[in-house]
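The sequence shown begins at 1 in full-length UniProt numbering and counts up by one.
Here a beta-carbon is modelled for each residue, glycine too, at the ideal position from N, C-alpha and C.
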Amino acid sequence: MHRVAVLLLAPVVGFDATIAPTLFGTAAGGDGEPLYEVTTCAVEPGPVASTNGFAIVPTAGPEALDTADTVVIPGTRYPPARTGRGVEDAVAAAFARIRPGARVVSICTGAFVLAAVGRLDGRTVTTHWKYADTLRELYPAVRVDENVLFVDDGDVLTSAGLAAGIDLCLHIIRCDHGVQVATAVARHCVVPPWREGGQAQFIDRQVPAGDHAATAATRAWALAHLTEELTVHTLAEHAHMSLRTFNRRFRAETGEAPGSWIRQRRIDRARELLESRDIPVDEVARLSGLGTGGNLRHHLRRGMGMSPSSYRKVYQGA
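Listed below in structure tokens is the structure:
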């Protein structure tokens with residue numbers, strides 16, 4: 001059982017504090033058995049105050065960090081980290097308990113805490129766009145990118161504010177157990193199963209006047225026609241837009257160019273088929289719109305570092 005410890009530091013952002021327990025606690029295998037054991041913990045006994053008018057009673061103390069495979073730091077206004085004064089001795093001692101090799105995750109302003117204890121030095125990270133400049137100024141050894149939803153840097157993962165924490169947790173579940181498990185969690189939580197980590201945190205623009213000006217319907221149509229030739233021209237025609245307008249609106253709404261978005265959706269479909277069906281690799285490539293087994297192998301090796309057969313062995317039946 002993969003152990004997840006959620007370390008609450010007052011005043012914790014209430015929404016952020018619930019993300020990891022909800023998503024990891026929902027993840028289940030094909031037999032319905034939970035895939036993660038989630039524990040909320042604090043450095044001192046008693047309720048942990050939140051920024052939202054309520055307090056949270058953790059279920060454990062810092063000892064939960066001793067055996068954690070993943071440690072999550074939700075957003076917090078913990079004063080020492082937010083003002084560049086480091087951390088208190090009790091917090092430093094808690095981080096010292098995290099075993100080597102454990103995965104460390106921050107949601108939103110939890111990145112300030114990781115930066116304060118030196119976990120982010122020399123790394124590229126993200127946080128809520130509103131606080132990115134402050135993080136950059138207080139911790140110059142950290143490279144801050146406020147233009148993405150989350151950053152996966154191997155053993156250290158950081159997310160932007162609030163709902164981006166959901167995206168990061170789904171990404172982790174997807175990496176651990178595959179597309180089917182992550183999609184089931186997303187469906188339970190009634191959230192999109194996938195938003196690219198590189199997608200912009202927010203788009204500063206006027207809201208389109210009506211649905212006719214958006215690309216959502218065309219994206220939905222494309223997902224149902226992945227096996228067909230989906231050129232940008234085809235997509236623009238479906239959306240009843242000029243190529244220039246379609247490209248501009250598509251990138252504004254998704255953070256990606258149409259071609260790369262289609263390619264990633266085809267890879268997602270291929271991964272889903274590899275997890276759920278025992279069919280030849282060439283057939284997986286055809287049904288996902290990737291065309292040939294060689295093309296599927298190329299994209300899977302580049303994105304996942306493994307062949308289709310290895311991916312199937314790792315994730316099928318997860």
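Beta-carbon proximity list for residue i, same chain, < 6 angstroms, skipping 5 on both sides
{"i": "Tyr139", "result": "Ala115"}
{"i": "Phe250", "result": "Thr215 and Pro258"}
{"i": "Ser242", "result": "none"}
Three-state class that DSSP yields for residue i in the structure shown
{"i": "residue 343", "result": "In the structure displayed, the chain extends from 1 to 318; residue 343 sits before or after that span and is not available."}
{"i": "Leu235", "result": "helix"}
{"i": "Tyr36", "result": "strand"}
{"i": "Ser276", "result": "helix"}
{"i": "Leu223", "result": "helix"}
{"i": "Ile56", "result": "strand"}
{"i": "Val43", "result": "coil"}
{"i": "Asp133", "result": "helix"}
{"i": "Thr126", "result": "coil"}
{"i": "Arg73", "result": "Per the sequence presented here, residue 73 reads as Ile, with Arg not at that position. The answer is strand: DSSP assigns Ile73 an E or B state."}
{"i": "Asp153", "result": "strand"}
{"i": "Gly210", "result": "Because Gly210 sits at a pLDDT of 46, beneath the cut-off of 50, its placement in the model cannot be relied upon, and the following sentence gives the value as read from the coordinates. Coil at Gly210, not helix or strand."}
{"i": "Leu296", "result": "helix"}
{"i": "Ala64", "result": "helix"}
{"i": "Ala163", "result": "coil"}
Residue i burial status per 10 Å Cβ neighbour count (16 or more: buried)
{"i": "Ile262", "result": "buried"}
{"i": "Cys175", "result": "exposed"}
{"i": "Ala27", "result": "buried"}
{"i": "Asp16", "result": "buried"}
{"i": "His177", "result": "buried"}
Neighbourhood of residue i by C-beta, 7 angstroms cutoff - its chain only, sequence neighbours within 5 removed
{"i": "Leu135", "result": "Ala111, Phe112, Ala115, Thr127, Val142 and Val144"}
{"i": "Cys169", "result": "Ile19, Ala20, Leu23 and Phe24"}
{"i": "Gly303", "result": "Ile267"}
{"i": "Ala236", "result": "Ser242, Leu243 and Phe246"}
Contact belief for residue i with residue j at Cβ below 8 angstroms, rounded distance in angstroms
{"i": "Arg97", "j": "Leu65", "result": "4 angstroms"}
### Query
Would you say the stretch 99-119 touches the stretch 57-77, given that touching needs at least three Cβ pairs under 8 angstroms?
yes
### Message
Whether or not the stretch 20-27 and the stretch 165-172 are in contact is what I'm after, with contact meaning three or more pairs of Cβ atoms, one per stretch, closer than 8 angstroms; do they touch?
### Response
yes
### Query
Should the stretch 32-47 be called in touch with the stretch 1-8, which here means at least 3 C-beta pairs below 8 angstroms?
yes
### Query
Should the stretch 79-93 be regarded as contacting the stretch 42-62, the criterion being three or more beta carbon pairs within less than 8 angstroms?
yes
### Message
Three Cβ pairs or more, each shorter than 8 angstroms: is that satisfied between the stretch 220-230 and the stretch 288-299?
### Response
yes
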